[in-house]
Amino acid sequence: MYLLSWNVDQLGAPKRIEAVADAIASTEPDIVTLQEVRSRRGDDVAEALLRCGLVHVWHSHDPPPCRDREVEKKYHCVIASPWPLTEAPGGDAWRCSAPFPEVLGRITVKAPDGDVDVFTAHIPHGSGHKWQKIETFETLALALRSGGDSARVLTGDFNEPRRFLRSGQFLTFAETEVTSDGAMGPPRGKLRGRPRADWSVGVRSVLADTSRHGLRDAFRDRHGFEVEAPVTHRVSKGDGPRCFDHTFVSRHFEVVGSGYHHEWRRQGWSDHSAMWTKLRLRMAVPPLDPWGLAEQRDA
Numbered sequence: 000m001y002l003l004s005w006n007v008d009q010l011g012a013p014k015r016i017e018a019v020a021d022a023i024a025s026t027e028p029d030i031v032t033l034q035e036v037r038s039r040r041g042d043d044v045a046e047a048l049l050r051c052g053l054v055h056v057w058h059s060h061d062p063p064p065c066r067d068r069e070v071e072k073k074y075h076c077v078i079a080s081p082w083p084l085t086e087a088p089g090g091d092a093w094r095c096s097a098p099f100p101e102v103l104g105r106i107t108v109k110a111p112d113g114d115v116d117v118f119t120a121h122i123p124h125g126s127g128h129k130w131q132k133i134e135t136f137e138t139l140a141l142a143l144r145s146g147g148d149s150a151r152v153l154t155g156d157f158n159e160p161r162r163f164l165r166s167g168q169f170l171t172f173a174e175t176e177v178t179s180d181g182a183m184g185p186p187r188g189k190l191r192g193r194p195r196a197d198w199s200v201g202v203r204s205v206l207a208d209t210s211r212h213g214l215r216d217a218f219r220d221r222h223g224f225e226v227e228a229p230v231t232h233r234v235s236k237g238d239g240p241r242c243f244d245h246t247f248v249s250r251h252f253e254v255v256g257s258g259y260h261h262e263w264r265r266q267g268w269s270d271h272s273a274m275w276t277k278l279r280l281r282m283a284v285p286p287l288d289p290w291g292l293a294e295q296r297d298a
């Protein structure tokens with residue numbers, strides 16, 4: 000199963016839609032998730048994906064996910080596949096606690112070997128959205144923890160972390176200090192009116208919380224932390240390049256390969272590199288609880 004995720008940077012111009020579609024088609028993907036598709040060009044993007052063989056396309060903004068709220072963002076997420084798509088368990092209600100429900104998406108892909116629960120996210124950047132960024136993380140984290148033990152993937156542009164360390168640690172934008180021996184102090188003080196620690200907890204509830212939501216970082220699963228963190232996005236100001244684009248998978252998958260199409264970013268088709276992940280669905284998955292619920296009750 001070939002999974003491709005890409006923040007396409009306000010995709011809407013016809014020539015760029017064509018270039019992006021050609022790039023996607025060259026990889027012959029099974030599942031594609033796009034972030035930051037310009038909403039008024041959603042039909043054009045869907046038509047381009049159709050020409051790539053991705054005949055089933057889902058948009059995160061249409062119909063509006065929450066009846067009592069207007070769609071605020073002018074861009075949204077897309078999930079596409081040659082395989083049929085159906086509504087995910089629980090529908091769209093989970094998104095309604097997010098500041099911008101249209102930047103989150105979830106759909107079930109009816110793959111030949113079994114259903115895959117696909118989440119995608121475009122977490123708003125903190126410089127312009129402040130704590131709405133963390134509120135989006137919190138909404139997503141709750142949905143992931145409630146998702147159950149099924150074949151699941153999460154993709155997206157998370158606008159975090161600030162920096163990866165080879166120890167496996169990372170710094171969020173609430174954390175700025177690492178000592179020469181690798182020690183990290185707890186976030187202190189306030190950030191935009193709230194404790195910095197809340198920011199760190201919100202980010203880690205998705206990016207570093209396998210013990211609660213059961214998903215692991217696909218790139219790190221394949222390559223470890225000894226490799227240098229790839230540059231997936233460059234900012235015009237700030238303190239350096241970023242690795243914001245990630246894919247997470249459940250225990251039902253073996254990660255066969257994982258990497259990035261940096262050349263697509265260098266071509267100017269987006270300001271982000273596309274991330275690819277090759278997965279194999281495990282046919283035999285061990286029981287979720289190796290000790291059994293009865294034994295736990297007797298302990």
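Oh and the sequence shown: position 50 is 49 in numbering that gives the first Met the number 0, straight run, nothing missing.
Ideal Cβ positions, reconstructed from N, Cα and C, are used throughout, including at glycine.
Residue i classed as buried or exposed, judged by whether at least 16 other C-beta atoms fall within 10 angstroms
i	result
T32	buried
T154	buried
P185	exposed
W290	exposed
S126	exposed
R68	exposed
L48	buried
S182	Looking at the sequence itself, residue 182 is Ala, so the reference to Ser does not match. A182 comes out exposed.
Contact set for residue i: own chain, Cβ-Cβ below 7 Å, skip 5 residues either direction
i	result
Q131	P98, P123
G258	W275
L280	M0, D112, G113, A150, H251, F252
A196	P185, P186
K189	R195
A87	R105, I106, T107, D116
S269	W5, N6, V7, D8, W263
Residues near residue i by beta carbon distance below 8 Å, same chain, minus five either side
i	result
P13	D43
R193	W130
Same chain, Cβ closer than 6 Å to residue i, neighbours up to 5 away in sequence not counted
i	result
R40	G11
R191	K129
P347	Residue 347 lies beyond the residue range present for the chain, which begins at 0 and ends at 298; the question has no answer from this structure.
S330	Limits of the chain in this structure are 0 at one end and 298 at the other, which puts residue 330 out of reach.
Per DSSP, the bridge partner or partners of residue i
i	result
W57	I78
L278	V254
T231	BP columns for T231 are empty, so no partner.
R193	L190
I302	As displayed, the chain neither begins before 0 nor continues past 298, which places residue 302 out of reach and without an answer.
Span of the alpha helix (DSSP H) around residue i
i	result
T209	209-212
R50	41-50
V19	13-25
G155	Careful: G155 lies outside any alpha helix (DSSP H), inside the beta strand (DSSP E) at 151-156.
H245	From DSSP, H245 is part of no alpha helix (DSSP H) but of the beta strand (DSSP E) over 244-248.
S126	125-128
Run of the beta strand (DSSP E) containing residue i, from where it starts to where it stops
i	result
F136	Here F136 belongs to no beta strand (DSSP E); instead the alpha helix (DSSP H) covers 131-144.
S4	1-10
R37	30-37
D220	No beta strand (DSSP E) contains D220, which is instead part of the alpha helix (DSSP H) from 217-222.
R264	Note, R264: premise wrong, no beta strand (DSSP E); alpha helix (DSSP H) at 261-265.
For this session: Report yes or no: do three or more beta-carbon pairs, one from the stretch 206-213 and one from the stretch 136-144, lie closer than 8 Å?
Result: yes
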